[in-house]
Each structure stands twice: as C-alpha cells, then as structure tokens.
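Residue numbers (my numbering): 61 to 352. Just so you know, even glycine gets a beta-carbon here, dropped at the ideal spot from N, CA and C. Model, not experiment: these values are computed from the prediction. The structure appears right after this line, and notes come after that.
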Amino acid sequence: MKNKLIYLIVCFAFLTVKTHSQSYVQLSVDNDLYFLTDQYYSSGIIISYGKKKEEKASHWRIGQEIFHPSHRFTTNLSKIDYPYNGWLYIQNEKEYFLNSKFSYSWGTELGVTGDASLAKTFQNFYHRTFLNLDELSWAGAQPQRFHFGIFGQVNKGITISDKIHLTSQLFSKLSSYRIQSIARIGVLIGSNEKIPFQRISFSNSELSRGIYIGTRQEYRPHDFALSGSIFDNSSSELTRPNLKYRNNFEFGFFSQKKKWTILMLYQSMSKDTPGQRFNRHQVLNITIRNQF
C-alpha cells in the first residue's frame with residue numbers, strides 16, 4: 061500500500077511538471093504625441109494574451125492602427141500628404157522555442173479597414189474629449205475592406221558576455237493589407253535575457269534591466285494604407301506612392317521585476333511615401349506586461 065501511494069505521488073508530480081504552463085497579458089501603445097506631433101503613423105494599441113506550455117507558445121492579439129496626414133483638418137485632397145486609414149485586426153501566432161536564444165513562429169491575421177476599424181470614431185472622440193481639439197476631417201480615407209494574411213518570424217540571440225547580447229529578428233508577412241519583409245538587429249546591454257528585445261521570455265526574474273540599441277530595415281512592396289487594394293486601387297478616393305524600402309532607428313530600455321515588465325522603445329522612422337513633408341517621424345512605444 062505504501063509503495064502504491066509513493067507511486068501515485070510521483071506520477072502526480074510528473075504530470076504537474078509536464079502540464080505546467082506560463083501565461084501573460086500585455087498592453088502595448090504607440091504614439092507620436094510625446095514629441096508634440098500628430099501625423100502619419102499616429103497611434104497603435106495592441107492587447108495581447110499568451111500561454112507557453114513546454115517549448116511551445118500561443119499568442120493572441122487584438123490591435124488598432126491609425127494613420128493620417130500632417131495637415132489634419134483640411135478637406136483639400138491635393139494638400140493631404142498621407143491618406144487617412146484605420147486598421148483593426150486580430151492575430152494568432154504559434155511560437156516554438158528551440159532553446160533560450162532561438163525561437164521561430166508563424167501566424168494568421170484577420171482585419172478590417174475603413175469605418176469598421178473604428179479609427180475615425182476613436183480618434184475624434186479622443187481629440188474632442190481629452191485634447192479639446194477640432195475633429196479631423198478624414199477626407200479621402202481608405203475604404204472599408206476585409207483583409208486576411210499569414211506571417212512568420214525567426215528570433216535569434218547571441219551572447220557576447222554576461223552583460224552584452226546581440227539580438228536579431230527576421231519577419232515576413234503576406235497579406236491583402238500589407239506585404240513586408242523585415243530584418244532587425246540590435247545590441248542589448250545590461251540584461252541576462254537570452255532572446256531578442258520585445259519577445260516574451262517567460263522568465264520570472266527578481267530584477268532584470270537592459271538598454272537596447274538597434275535598427276530595423278524593411279522592404280514593403282504593398283501597403284494598403286497608402287496605395288489601396290492590391291487588386292483594385294480604383295476603389296480608393298486618394299492614394300499615394302509607396303516607398304518600398306524603409307528604415308528605423310531604435311533605442312529603448314526595459315525593466316522586469318518578478319512578474320511585471322515595463323518596456324519603452326523610441327523609433328525614428330524614414331518616409332513611407334515621397335510626398336511626406338517631414339523626412340523622419342518619431343514614435344514612442346510603451347509596453348506593460350504581467351506574467352502569471
């Protein structure tokens with residue numbers, strides 16, 4: 061009897077370890093108002109939930125992006141250097157960890173543009189209620205369309221020393237909304253994290269801090285926000301030429317204590333379309349994550 065009891069306890073402990081999972085919730089916000097500007101890629105909000113079991117993770121995200129010109133109140137289409145556009149989407153991503161420094165993933169997304177994205181409604185409510193500003197015109201906004209896409213990425217970290225790590229990321233998306241390939245590389249200083257900046261490590265560190273300096277190089281042959289539908293752009297009242305090559309400079313830091321992580325990332329973006337009045341655009345990302 062005693063041996064059977066020990067056997068059951070051992071089996072229960074084994075199953076508990078095997079089925080142990082880690083989860084997180086995350087809020088990530090992009091905005092350019094921190095730099096007293098309001099134009100181009102103006103706002104992005106992503107709410108995420110994910111769970112890791114053994115060496116696999118599933119991530120769910122719902123997000124909204126808002127784009128508009130530098131002349132925000134004009135209805136004269138000839139003065140609009142960037143079309144109005146809203147993008148509301150949901151994503152599911154499956155990630156596989158080969159070790160603490162390497163992971164790869166693939167996912168799918170569904171989304172809508174136009175009035176169904178709620179971008180015009182949310183933005184004008186925020187401007188009117190909190191900033192005491194006039195509503196934006198949304199003249200010539202990109203039309204309402206349903207979009208579907210697939211994407212994948214590879215994340216690789218290389219440890220140079222206990223305090224210095226190289227991080228890299230390759231990402232590609234094939235979607236009716238956006239087609240893009242991204243190569244991202246940077247240096248992470250002062251952290252014991254072993255996978256790239258902005259990826260979920262699922263570690264519970266007593267205290268971990270790091271500074272990140274990097275660059276993001278992108279090739280984007282199709283961008284609905286600028287050129288409309290890849291199948292029929294005649295449905296768009298206003299389109300602008302799409303610059304296929306783009307680049308970002310990135311600088312940020314993060315702090316993790318036990319289950320909480322806060323991350324801030326400054327991005328200086330090159331032009332998306334030749335007619336933009338300003339050569340570069342600054343955006344700040346603030347991310348708060350809780351793991352449980």
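- The beta-bridge partner set that DSSP reports for Phe127 consists of Tyr101 and Asn145.
- Looking at the backbone, the Cα of Gln82 and that of Ala117 are separated by about 9 Å.
- By the Cβ-count criterion, Lys233 is buried, with 16 or more other Cβ atoms from all chains shown falling within 10 Å of its own Cβ.
- For Gln213, there is no enclosing alpha helix (DSSP H); the enclosing beta strand (DSSP E) has its first and last residue at Phe206 to Thr219.
- In this structure, the beta-carbon distance from Arg300 to Arg238 does not fall below 8 Å.
- In the three-state reduction of the DSSP assignment, Lys154 falls in the strand class, which pools E and B.
- In the structure shown, Asp194 adopts coil according to DSSP, grouped into three states.
- Following the DSSP letters along the chain, one finds Leu286 inside the alpha helix (DSSP H) bounded by residues Phe284 to Ser287.
- Excluding residues up to 5 positions away in sequence, Phe127 and Asn145 lie with their Cβ nearer than 6 Å to the Cβ of Ala285 in the same chain.
- With the rule of 3 Cβ pairs closer than 8 Å, the region 168-177 counts as touching the region 201-210.
- Using a Cβ distance threshold of 8 Å, Ile271 and Gly246 do not count as a contacting pair.
- Taking 8 Å as the cut-off, the Cβ atoms of Phe95 and Gln342 count as close.
- Apart from the 5 residues on each side of it in sequence, Lys139 sits with its Cβ closer than 6 Å to the Cβ of His131 in its chain, given in chain order.
- Within the same chain, Cβ atoms closer than 7 Å to the Cβ of Asn293 are found at Ser287 and Thr299, the five residues on either side in sequence being excluded.
- CA-CA distance, Lys180 to Asn136, rounds to 18 Å.
- Contact between Gly217 and Glu297 is ruled out by a C-beta separation of about 45 Å, above the 8 Å threshold.
- Our two residues, Ser177 and Ile220, have alpha carbons roughly 44 Å apart in a direct line.
- Tyr109 counts as exposed, since fewer than 16 other beta carbons sit within 10 angstroms of its beta carbon.
- Between Phe133 and Gly167, the C-beta gap is not smaller than 8 Å, which leaves the two residues out of contact.
- Annotation: the continuous alpha helix (DSSP H) that includes Phe185 extends over Ala179 to Thr189.
- Scanning Gln124, Gln99, Leu87 and Glu153 for the CA closest to the CA of Lys112 turns up Glu153.
- By the Cβ neighbour-count rule, Ile260 is buried, with 16 or more other Cβ atoms within 10 Å of its own.
- At a Cβ-Cβ threshold of 8 Å, Ile105 and Gln124 count as neighbours.
- About 22 Å separates the beta carbon of Tyr326 from that of Leu303, a gap too long to meet the 8 Å contact definition.
- Judged by their CB atoms, Val214 and Tyr164 are nearer to each other than the 8 Å cut-off.
- Residue pairing for Arg337: DSSP places it in no beta bridge.
- Shown here, Leu137 sits in a helix according to DSSP, grouped into three states.
- Between Arg121 and Thr189, the alpha-carbon positions lie close to 27 Å from each other.
- Comparing C-alpha distances from Glu114 to each of Ser103, Leu158, Tyr101 and Ser268 shows the shortest one belongs to Leu158.
- Under the three-state reduction of DSSP output, Asn293 falls in the helix class.
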